[in-house]
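Data block below; observations after.
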Amino acid sequence: MTSADKAVCRLGSHRVVAPEGALPQAAWKLDATPRARANEVLCRVEALNVDSASFRQIAQACDGDCERIGEHIVATVRERGKQHNAVTGSGGMFVGTVAEVGDDLRATSDLRPGDRIASLVSLTLTPLHVERVERVDVTTGRVWIEGSAILFESGLYAKLPDDIPTDVALAVLDVAGAPAQVRKLARPGQTVAVFGADGKSGMLVCAQARDRVGPSGRVIGIAPDATTAGARLLLDEGYVDAFIEVDATRALDVADAFEALAPELADLVVNCVNVAGTELSSILCAKDDGTVYFFSMSTSFTAAALGAEGAGKDVTMIVGNGYTKGHAETALQTLRDHPALRAYFTERFGRAGG
Ligand code: NAP
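If you're matching positions, the sequence shown starts at 2 in the numbering used here and goes up one per residue.
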């Protein structure tokens, strides 16, 4: 039976080519035929925002060469029908224009052909067809393509806001889950540690944590270099109270530096790095009964679980679900509420579209 003969499923299982019975995220291969089935939305894709952990891995494998990165992505999509990095397991998101809304959705969906949207579900489960890679930007992980993608009935999306440039909105929406989760997790008076503080998600998290913990709380940023423009902005604007310049893969160095600064340790640790091997550092910075939120896609469940056990740390560890209710609006609002952050994101990502 071809995927066109299968009954449509809300979660998109009718698009799974292999293995039989899998859902799209877990599947090895999807059918990315660019035609909307009854419960699907077909989009013309303008750009992919490749997940940071994935892009870093691809860029390293291609020696940072834009042409080879483009070819790598085309090859993955041709083989799997989706941009699913087999090494990191992560994907990203797309921005594009609605081309067709399937028959069954027309009455209920608020999408119409011509609407510009950003997908809020991972590229690891999104049927994707790439005709051509137009440009790759290694500094932002942005890849402009000609192609198409399918959103399932269950697929989340955000209409692009009028007041924020598309490239900036895309950078924010890619990591929307992080600031929105932190808004829910952080409490007044708490100490919050943010790993990868000067990256996209890290900066939004710092701003959101600062608002939540208030004047009696502390936000401590952690990244390898305290002199980056992002790190300086966090300090200058008071989004962080202190910045620890350390390689987060070096758990003992991190623990020593953090304990010197905050002997009580952190109530909440948020891991926003794009490299592997930082689970134990994060765990060691959390106080007993504290919470560690692993937003990073480079997180190993095994390393986190066994690391916490080995260190005798009774901490709650949260898998970084990219979705929480209202996450897109919370993330965009974080930018609107913080003009300095907005200026930084606009400078850094706003011109990515050229
Ligand atoms: P990003 O902008 O590339 O930032 C990565 C951060 O990690 C930077 O601050 C970087 O510092 C820092 N970092 C790199 N190596 C480090 C090290 N050895 N020690 C300490 N910090 C280090 O990434 P992003 O877009 O915010 O994404 C962050 C993570 O979230 C990635 O793993 C991404 O895959 C993941 N993600 C998860 C979801 C989800 O749904 N859970 C969704 C989107 C993205 P430098 O700038 O100094 O290198």
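Just so it is clear, CB atoms sit at the ideal spot from N, CA and C, and this is done for glycine as well.
Comparing alpha-carbon positions, the option among A252, A258, L234, R233 lying closest to I245 turns out to be A258. Rounded to the nearest angstrom, the Cβ distance from L152 to E41 is 7 Å, consistent with a contact under 8 Å. Unbroken beta strand (DSSP E) runs of no fewer than 3 residues, entirely contained in the stretch 200-241, are found at 219-224, following chain order. At a Cβ-Cβ threshold of 8 Å, A208 and L333 do not count as neighbours.
Counting C-beta pairs with one atom in each stretch, the stretch 261-275 and the stretch 233-241 have fewer than three that are closer than 8 Å, which means they do not touch. Annotation for F196: no alpha helix (DSSP H) segment contains it, though the beta strand (DSSP E) segment containing it runs 192-196. For C273, the distance from the CB to the nearest heavy atom of the ligand NAP is below 7 Å. Note: I146 is bridge-paired with V134 in the DSSP secondary-structure output.
Ranked by Cα distance from D290, the options T300, G327, T325, K314 are led by K314.
Taking the Cβ of K185 as the reference point, every heavy atom of the ligand NAP lies at 7 Å or farther away. Per DSSP, reduced to three states, the secondary structure at V17 is strand. When C-alpha distances from V17 are compared across G93, T98, L129, S297, the shortest belongs to L129.
Going by DSSP, F346 is part of the alpha helix (DSSP H) stretching over 340-350.
DSSP links F244 through a beta bridge to G222.
Relative to the ligand NAP, M318 has its C-beta separated by 7 Å or more from all heavy atoms. Assignment of beta-bridge partners to M318 by DSSP yields V293. When beta bridges are read from the DSSP output, F95 appears opposite L49.
In this structure, the straight-line span from the alpha carbon of F56 to that of A76 is close to 15 Å.
Between the alpha carbons of Q26 and A261 lies a gap of roughly 42 Å.
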